[in-house]
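The next block holds one structure in the form of structure tokens; read it before the comments.
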Amino acid sequence: MTLPRPTSMQRQLARRLRGNQTDCELRLWQQLRARQLLDVKFRRQHPCPPYVLDFYCVQLQLAIELDGSQHLLPEALTYDLRRSWYLQSLGITVLRFDNLQVIDEMEGVLHVIFLEVQRRLQDPHPNPLPKGEGT
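The sequence shown begins at 1 in full-length UniProt numbering and counts up by one.
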């Protein structure tokens, strides 16, 4: 399935978000950037209309979302659930972590991501992107 193309406003929003990362996003980005995890490329603040994903690996169609305390509110939980369902309908797997996990349990967070990346590398996605779109 082809992912929706972002508008110029969505691309600008993603750029702004990259410039204003939270401490937790920055901590995790330092571990994911530059193909440090099993040589897969992650992007940060990647537009996927109508949303912007915290981290996204195009090759594996894997999104990683970090949630602050505001995500514990009932309306936020509903929003996040709807968002995850939408992304799953596009063939994107979503891993969610709260900020405290990143702060207190970084090794555990990285282990979960490592296992999912490893699994997806061994068992390719049933609907892979055409050649040239995964880099």
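All residues carry an ideal CB built from backbone N, CA and C; glycine is no exception.
Per-residue burial, residue i [other beta carbons within 10 Å of its own, 16 or more giving buried]
| i | result |
| --- | --- |
| residue 92 | buried |
| residue 36 | exposed |
| residue 54 | buried |
| residue 26 | exposed |
| residue 115 | exposed |
| residue 81 | exposed |
| residue 42 | buried |
Identity of the residues DSSP links to residue i by a beta bridge
| i | result |
| --- | --- |
| residue 44 | 55 |
| residue 65 | 96 |
Residue i versus the options, residue with shortest Cα-Cα distance
| i | options | result |
| --- | --- | --- |
| residue 10 | 20, 52 and 56 | 52 |
| residue 113 | 78, 22, 39 and 18 | 39 |
| residue 98 | 109, 59 and 89 | 109 |
| residue 18 | 5, 95 and 56 | 56 |
| residue 68 | 100, 7, 6 and 116 | 100 |
| residue 31 | 8, 64, 94 and 6 | 64 |
| residue 6 | 50, 62 and 74 | 50 |
| residue 94 | 58, 22, 21 and 34 | 58 |
| residue 23 | 84, 106 and 111 | 106 |
| residue 88 | 104, 62, 79 and 33 | 62 |
Under 8 Å between C-beta atoms of residue i and residue j
| i | j | result |
| --- | --- | --- |
| residue 3 | residue 121 | no |
| residue 77 | residue 102 | no |
| residue 60 | residue 117 | yes |
Practice prompt. Indicate whether the contact test is met: 3 or more Cβ pairs, each with one atom in the stretch 46-57 and one in the stretch 12-24, closer than 8 Å.
Written response: yes
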